[in-house]
Ligand code: HMG
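In my numbering, the protein residues as written are 10 to 427.
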């Protein structure tokens, strides 16, 4: 992001401190939300029982077809049972939360079944736009069942919808349109609204939460909302211990987003993974892997996932939080422009740390190739076109990748497992 800022004639501190982004994921043109989504679900395959799996739901706002569900392509790449329902859900960055809630309700109605929820997106604003600094790409997969291995989703959510023109993407283009500052205000207002109603309906306050994860279009965004929430919380003020804990946990939840950017509907869940992985590394790494050092996140030690470099960027106290424990409650704030916002909670279950893929995550992040700004621009502009012309994807950067979009011929997409 430093290189990008310099190329755009902007002070790098604006990107790194003001917006809170250090790196950005740039997908090669053989990657789209289908390949990213399938790749994210791979580690879950051993836990999927084809007799119990009943739905595959993909939340996305960068789908590859206006009609056919991306879940069908992913379902084929993963070789899943044909006896499932495959659908795609759209409402900007809120889509995956809608999918997760549908999955939870389905499991309640049909105990013993499983639902695979995938959040996959490529955030594109365009070269030289104000949103460019917040671009990113990625996917998160979640297996929902009645016996969760990580978190139990509680039945306490508050959701609000309001038609707002803060961010949108017409179907004929791959880049989003945004009223940047307006969208930021709407995000904060929606958080304060759903939080106030949630805390009243559930008779709780900030002190009841061990951590709160936010949708992260950029890492500064959730912090602005959390601070606004602290101010608004008249009558039930968070204690100073609570403020310190939630701010320190917030820093943990932003580590991956700071290195990836906005992955739209998966970004809340990327924040959750970041929070849990930081705890994992902090509480299982040996003394040589200094979990709470203040180095930059560029090495290949697992400890880079939980260093405090981003805390230094935001002037937050360099607190190292205590280990997360089963029974503790995590708040989750989902926001999708347009706009729908939801606040709900989930509770850590016994053995949750054993179910993580923390080492795989940090390896994937550290194995990326750094691009120059010119290489990034060329890659950005080489994406599969929004037009009927044939397309053959690049043979470069395919190592470590299991699925590729190989070509589009006569307007039909051809995916390969490699
Ligand atoms: P901008 O106009 O480039 O930036 O827009 P700015 O002038 O507002 O500056 C940003 C921050 O950097 C400010 O701090 C500056 O003071 C600071 P703040 O007041 O916000 O705390 N700054 C500096 N700091 C240190 N050193 C410096 C320096 N210079 C300035 N030298 C914006 C930024 C995020 C609006 C833009 O990138 C944008 O339009 N992004 C896309 C829209 C977006 O992300 N909106 C977020 C809310 S909506 C949402 O979350 C939904 C979404 O994910 C989509 C979906 O739902 O599908 C986007």
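Each residue gets a CB set at the ideal place from its N, CA and C atoms; glycine is no exception.
Practice task
Taking residue 124 as the reference, give the member of 417, 76, 116 with the closest Cα.
Solution key: 116
Handout entry: C-beta contact flag for residue 42 and residue 129 at 8 Å
Key = Their beta carbons are under 8 Å apart, which means residue 42 touches residue 129 by this criterion.
Handout entry: Span of the beta strand (DSSP E), counted from its first residue to its last, around residue 424
Key = Run containing residue 424: 421-426, per the beta strand (DSSP E) assignment.
Problem - Cβ pair count under 8 Å reaching 3, the segment 387-405 against the segment 14-30 - result: no
Handout entry: residue 176 beta carbon near the ligand MG (any heavy atom closer than 7 Å)
Key = Looking at this structure, you won't find the ligand MG anywhere; what it does contain is the ligand HMG.
Practice task
Check whether the Cβ of residue 179 sits closer than 7 Å to any heavy atom of the ligand HMG, and report yes or no.
Solution key: No, Cβ of residue 179 sits at least 7 Å from all heavy atoms of the ligand HMG.
Problem - Beta-carbon proximity check, residue 330 vs residue 254, cutoff 8 Å - result: yes
Problem - Between the CA atoms of residue 170 and residue 229 - distance to the nearest angstrom - result: 23 Å
Problem - Span separating the alpha-carbon of residue 104 from that of residue 226 - result: 14 Å
Handout entry: Complete alpha helix (DSSP H) runs within the segment 169-232 (minimum length 4 residues, chain order)
Key = The segment 169-232 contains these whole alpha helix (DSSP H) runs: 189-210.
Handout entry: Cβ-heavy atom distance, residue 222 to the ligand HMG, below 7 Å
Key = no
Problem - Residues bridged to residue 130 [DSSP beta-bridge criterion] - result: Note: residue 130 sits in a beta bridge opposite 147.
Practice task
Determine the closest residue to residue 378 out of 268, 256, 95, 288, with distance taken between C-alpha atoms.
Solution key: 268
Exercise for the section: Would you give the residue range spanned by the beta strand (DSSP E) that residue 11 belongs to? Expected result: Run containing residue 11: none in the beta strand (DSSP E); it sits in the alpha helix (DSSP H), 11-16.
Problem - residue 220 and residue 339 closer than 8 Å at C-beta - result: yes
Practice task
Can you give me the start and stop residues for the beta strand (DSSP E) that residue 372 sits inside?
Solution key: From DSSP, residue 372 is part of no beta strand (DSSP E) but of the alpha helix (DSSP H) over 367-375.
Handout entry: Closest residue to residue 181 among 84, 395, 407, 237 (Cα-Cα distance)
Key = 395
Practice task
Spell out a yes or no on whether the segment 192-206 and the segment 349-367 are touching, meaning 3 or more CB-CB pairs, one atom from each, closer than 8 Å.
Solution key: yes
Handout entry: Whole-angstrom distance between residue 222 and residue 214, CA atom to CA atom
Key = Taking the straight line from one Cα to the other gives about 15 Å.
Exercise for the section: Helix, strand or coil for residue 95, going by three-state DSSP, please let me know. Expected result: Assignment of residue 95 by DSSP, reduced to helix, strand and coil, places it in the strand class.
Handout entry: C-beta contact flag for residue 99 and residue 143 at 8 Å
Key = No. Outside cutoff.
Problem - Option in 110, 146, 72 with minimal Cα separation from residue 164 - result: 110
Practice task
Kindly list the residues whose CB is nearer than 7 Å to the CB of residue 382, restricted to its own chain and excluding five residues on each side of it in sequence; keep chain order.
Solution key: 12, 13, 16
Practice task
Decide if residue 391 is buried, meaning its Cβ has at least 16 other Cβ atoms within 10 Å, or exposed.
Solution key: exposed
Exercise for the section: Reducing DSSP to helix, strand and coil, say where residue 341 ends up. Expected result: strand
Problem - Separation of residue 245 from residue 150, as counted between CA atoms - result: Note on geometry: alpha-carbon atoms of residue 150 and residue 245 lie some 36 Å from one another.
Handout entry: For residue 18 and residue 126, the rounded distance between their alpha carbons
Key = Between the alpha carbons of residue 126 and residue 18 lies a distance of about 41 Å.
Exercise for the section: In angstroms with no decimal places, state the Cα-to-Cα distance between residue 342 and residue 194. Expected result: 15 Å
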